[in-house]
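The listed protein sequences correspond, in order, to chains L and B. Residue numbers for the first sequence follow our numbering, so the first one is 10 and each next one is one higher. Residue numbers for the second sequence follow our numbering, so the first one is 84 and each next one is one higher. Note that the Cβ used here is the ideal one computed from N, Cα and C, for glycine as well. Please read all numbers here as calculations on a predicted model, not as lab measurements. Just below is one structure, and these are the notes that go with it.
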Amino acid sequence: MPSSRTVGLVVNGESRSLDVEPRTLLVHALRDGLGLTGAHIGCDTSQCGACTVLVDGRAVKSCTMLAVQAEDVEVTTIEGFAPDGVQHPIQRAFVEQHGLQCGFCTPGMILTASDLLSREPDPDDATIRRALKGNFCRCTGYQSIVDSVRTAAAALREGDAA
Amino acid sequence: MTESVIGVARARVDAPDKVTGATRFAADGHVHGLLHARLVLSPEAHALIQRVERNAALAMPGVVAVLTADDLPLTGAGSDRTTEPLARTEVVFAGQPVALVVAENEAAAEDAVEAVVVQYEPLPAVVDVEDAMLPGRALARVVEEEAGGGDMESIHAGVDNGQEDGDEEQLSDNVLDTVHRSSGDATALLETSDVVVSGTFRTPWVYQAYIEPQVATAWLEPNETLVVSTSTQGSFVTQRELARAFGLPLERIRVVAEPLGGAFGGKLALMEPLAAGAALALRRPVRVVLTRAEDFQATNPASAQVTHLKLGARKDGTLTALTARMIVDRGSNAGWGVEGITTLLVAGPYRWKAHDIRGYGVQTNRFTFGAYRGPGAPTAAFALETLLDELAAELEVDPLELRLQNAVVEADVGVSGNPFPRMGAVEVLERIREHPLWKTRASLPADEGVGVAAGYWPGGTEPAAAVCRVNQDGTMTVVTSAVDMSGVNTGFAAIAAETFGLSPDQIRVVAADTATGPYSGASAGSKVTYTVGAAVLKAAEAAREKLLKAASEELEIAPADLEVVDGAVRAVGSPDHSITVAEISAKALRFGGRYEPIEGHGGSAQTRGAPSVAAHLAHVRVDQETGEVTLLAHVIAQDVGRALNPALVEGQMRGGVAQGIGWALFEELVHDESGQLLTSSFLDYAIPLADRVPDIDTLIVEVPAPDGPFGAKGIGEAPVIAAAPAIANAVAAAVGIRLRELPMTAPRVWAALEDAQA
Ligand code: FES
Ligand code: FES
């Protein structure tokens with residue numbers, strides 16, 4: 010068996026150490042090693058975005074990164090996105106604007122939206138749609154997701170506390 | 084009275100868990116001692132298995148077993164995907180599972196798959212469905228198998244197959260089923276019709292593309308109960324299928340349907356026989372999670388179809404007759420096909436004076452056919468709605484008016500031979516006629532156009548039951564075994580709240596498993612809200628009766644003079660005389676309590692379906708240089724019976740349209756001539772992405788279903804059906820070309836534009 014090594018990760022603000030093989034993907038380390046199953050696996054070609062997490066605040070498909078590459082960064086998963094148990098305004102907007110059906114794409118959508126809104130606080134719909142191009146949803150037809158992101162943007166601009 | 088909660092938009096009951104990552108999908112649960120299985124798939128489309136060499140794989144670290152069909156304790160007769168989850172002697176499509184590698188972790192299983200060597204003796208691959216029908220052609224399956232006993236067809240559609248008749252065509256044994264529906268002399272009527280149009284339409288294999296890949300986990304409890312935790316649309320049907328596969332009594336099988344990451348028809352008893360078979364063989368927990376590449380190859384997409392269709396009309400626009408010959412590619416599915424439903428739906432929501440429709444279910448060496456949202460419907464609608472537009476053009480009448488003039492109304496007899504129940508075909512067409520997009524279509528820029536189309540889904544039925552239980556704190560738990568595919572639990576909460584007299588926030592909806600839950604069929608065929616919802620309504624009524632009986636004793640007022648408002652029972656006309664639901668429940672649910680628990684059981688068994696119909700407008704721009712079609716706007720009007728929760732209804736409508744956009748413009752599973760799949764990733768198989776789906780305007784039309792809860796009906800399938808032909812008709816309106824094949828990719832449109840110029 011390929012030799013495993015111990016990596017130190019900072020995930021959702023906590024330092025965790027984990028034995029992984031050099032080839033282990035971050036998404037597997039999060040799911041299997043840390044039980045953070047909100048990062049979903051929807052494909053094997055790094056296209057669907059279901060596995061999206063934040064790496065130093067930027068949306069990254071966690072199937073495109075090795076666990077060992079995550080040693081010196083801060084990883085945020087959907088479980089740690091609103092650490093005190095209160096919904097983040099983006100999460101709230103997805104609930105209120107019906108931005109999900111099966112919910113499999115939802116964590117990735119929310120974290121991708123977080124990245125977008127941190128860079129562009131007032132995106133138009135076309136910008137939102139472009140930003141979500143790497144996150145597949147088969148259920149909603151996207152419109153309610155776009156509505157959710159637009160609503161979240163407004164809430165964040167009005168200083169709705171995260 | 085408090086305000087009604089029916090017809091009010093509310094957040095989904097499962098939304099809070101889904102936005103925080105708290106929802107555990109079927110691949111997420113931790114199971115002690117879990118083994119991971121990976122599939123060995125056949126690279127051959129058609130071959131005999133000569134030998135499976137497994138020693139090299141078994142020698143690899145972490146590998147526990149390499150299993151073939153003979154290693155699984157299968158007892159069921161037949162060669163369907165339940166009774167033969169791994170190919171026994173013959174592989175009948177490329178991608179068919181041949182062996183399972185089971186290892187201590189996924190990576191080890193994956194590595195070892197490469198080391199399993201299977202020797203095949205190739206056979207001719209049957210990939211051309213029309214050719215396969217001809218007498219004397221090579222067969223797609225050569226080893227005779229006894230027929231199995233599955234009931235997958237009735238799960239989705241449950242239509243009869245028309246009449247049997249004597250005028251047998253000469254056909255090969257690849258034709259597994261024929262359907263003939265006829266009434267009147269359609270051929271003669273077409274000959275005397277003022278206008279006749281015809282065409283041959285082709286639609287490809289199309290993949291459900293749920294974002295959660297197929298997954299199932301199985302283990303044996305110490306008491307020998309087989310537990311299967313899975314991503315499925317139906318727990319009881321999966322339990323039945325597993326009993327059939329392994330010859331186990333039902334009570335030894337417990338199926339737990341986990342939250343479903345999308346299914347659309349495709350998740351019914353495909354993975355469970357594999358996981359269960361391995362768990363029974365190895366007596367350890369086993370999980371099968373497909374990679375996306377495996378999911379593309381080894382699952383059950385929608386059939387390819389060829390439809391030859393001819394329609395006629397009189398000068399005054401009255402439709403006369405239609406004749407159709409519809410060839411359905413079932414791949415390896417010997418159990419059922421969509422020829423029954425597609426031959427029904429090719430007539431659309433319209434009146435015909437005569438018809439002659441033939442359907443053929445044909446086996447080939449391409450996939451195993453499975454259901455996909457409105458199985459057999461989008462393919463039929465593409466042919467019919469395209470030709471209706473051509474008919475309107477020949478008649479020089481407005482295509483929407485032509486449809487309206489011929490739209491069915493209640494009691495019109497359809498090609499099923501049965502009268503249509505009340506359905507809003509006229510109403511949805513009238514709604515889109517008023518839409519600005521339709522009214523202003525004449526003043527669009529060059530290369531833009533608006534198209535119209537309509538389609539309906541008959542709606543399924545299946546007896547179902549539910550329990551409503553008031554807890555000690557006065558909240559209510561609704562228990563059903565329905566899998567929440569489309570938001571049905573949120574609808575159940577509204578139904579129970581409205582019926583019982585609580586607010587929806589005080590209601591939790593729980594999905595039980597086969598060991599504990601009341602009966603419910605699979606979430607398929609647009610029937611859950613209609614059937615299980617009706618059961619919830621009755622269960623809430625029964626619970627309310629118990630509540631009023633107890634309150635009547637407490638308040639010393641007759642039950643008939645009581646009402647339930649905002650969680651309290653009070654005297655009608657004297658609201659101060661009241662007692663809360665929580666107080667009553669607390670008096671019942673305790674040692675020495677005086678009242679029966681406030682619980683109700685309800686069941687439903689509707690005997691008629693509640694069809695849902697939708698009309699679409701699509702607005703496209705066609706780039707004449709490249710052939711690229713851009714959908715600029717889309718409108719859908721749908722008869723939903725009653726929108727229990729309009730936000731969720733709109734979500735279903737938009738989701739269906741988006742999948743219809745996929746049919747129209749992007750999606751196509753392609754094989755080469757040897758039967759190899761060329762499209763086994765999202766790189767090669769495009770689904771509509773956020774920047775390619777426009778805003779979709781939803782118009783809710785409510786024509787109540789007499790037997791549905793508050794008039795609601797199943798609405799999941801109808802919105803997908805006529806989206807593609809609306810887009811095709813828009814392309815014709817924009818640039819004057821008519822495609823006979825989906826999807827309308829840029830190269831195809833470009834070629835058609837070139838042809839039109841030549
Ligand atoms: S699983 Fe990472 S992009 Fe699909
Ligand atoms: S909600 Fe199901 S994939 Fe997006």
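Query                                                                                                                            : Result
Helix, strand or coil at threonine 115(L) [DSSP, three-state]                                                                    : helix
Cα-Cα separation between serine 157(L) and glycine 500(B), rounded to whole angstroms                                            : 46 Å
Exposure label - leucine 273(B); buried when at least 16 CB within 10 Å                                                          : buried
Local Cβ density within 10 Å of serine 318(B), reported as buried at 16 or more and exposed below that                           : buried
Positions along the region 105-135 of chain L whose CB lies within less than 7 Å of some CB in chain B                           : Glu105, His107, Leu109, Gln110, Cys111, Gly112, Phe113, Cys114, Thr115, Pro116 and Ile119
Secondary structure of phenylalanine 319(B), DSSP reduced to three states                                                        : helix
Any non-hydrogen atom of ligand 1 within 8 Å of threonine 447(B) CB                                                              : no
4-residue-minimum alpha helix (DSSP H) runs that sit fully inside the region 20-49 of chain L, ordered along the chain           : none
Test: alanine 741(B) CB closer than 9 Å to a CB of chain L                                                                       : yes
Cross-chain neighbours of arginine 107(B) in chain L, by beta carbon under 7 Å                                                   : Thr46
Reference leucine 478(B); option with closest CA among Gly459(B), Ala396(B) and Ser757(B)                                        : Ala396(B)
Cβ of lysine 101(B) within 9 Å of any chain C Cβ                                                                                 : Note that chain C does not occur in the displayed structure, where the protein chains are L and B.
Closer than 8 Å: isoleucine 50(L) CB and nearest ligand 1 heavy atom                                                             : yes
Spatial distance of tryptophan 419(B) from alanine 529(B) (CA atoms)                                                             : 46 Å
Burial state of proline 342(B), where buried means 16 or more other Cβ atoms lie within 10 Å                                     : buried
Simplified DSSP state of valine 571(B), which is helix, strand or coil                                                           : helix
Inside the region 80-165 of chain L only - alpha helix (DSSP H) runs reaching at least 4 residues                                : 98-105, 115-128 and 134-140
Residues of its chain near glutamate 80(L), where Cβ-Cβ distance is below 8 Å and the 5 sequence neighbours each way are ignored : Val16, Gly17 and Leu18
Members of the region 747-776 of chain B that neighbour chain L once the beta carbon cut-off is set at 9 Å                       : Ser764, Phe765, Leu766, Ile770, Pro771, Leu772, Ala773, Asp774, Arg775 and Val776
Helix, strand or coil at glycine 168(L) [DSSP, three-state]                                                                      : coil
Neighbour flag for arginine 147(L) against chain B, beta carbons, 9 Å                                                            : yes
Cβ of aspartate 65(L) within 9 Å of any chain B Cβ                                                                               : no
CB contact below 9 Å: glutamine 316(B) versus chain L                                                                            : no
Proximity to threonine 166(B) [Cα-Cα], best of Ala326(B), Glu639(B) and Asp644(B)                                                : Ala326(B)
Any non-hydrogen atom of ligand 2 closer than 8 Å to threonine 149(L) Cβ                                                         : yes
Cα-Cα separation, glutamate 473(B) to leucine 620(B)                                                                             : 46 Å
6 Å Cβ shell around serine 763(B) - same chain, five flanking residues per side excluded                                         : Ala376, Phe379 and Gln380
Whole-angstrom distance between alanine 105(B) and valine 84(L), CA atom to CA atom                                              : 18 Å
Contact check, leucine 470(B) vs valine 280(B), beta carbons under 9 Å                                                           : yes
C-alpha gap between alanine 177(B) and glutamine 202(B), whole angstroms                                                         : 14 Å
Rounded separation between leucine 63(L) and valine 69(L) - CA only                                                              : 6 Å
heavy atom of ligand 2 below 8 Å from glutamine 110(L) C-beta                                                                    : yes
Residues of the region 275-298 of chain B whose Cβ lies closer than 9 Å to any Cβ of chain L, in chain order                     : Gln291, Ala292, Tyr293, Ile294, Glu295 and Pro296
Close Cβ partners of leucine 157(B) (< 7 Å) along its chain, the five nearest in sequence each way excluded                      : Thr166, Ala328, Phe329 and Gly360
Contact belief for glycine 108(L) with alanine 102(L) at Cβ below 8 Å, rounded distance in angstroms                             : 7 Å
Those residues which DSSP pairs with tryptophan 288(B) across a bridge                                                           : Leu752(B)
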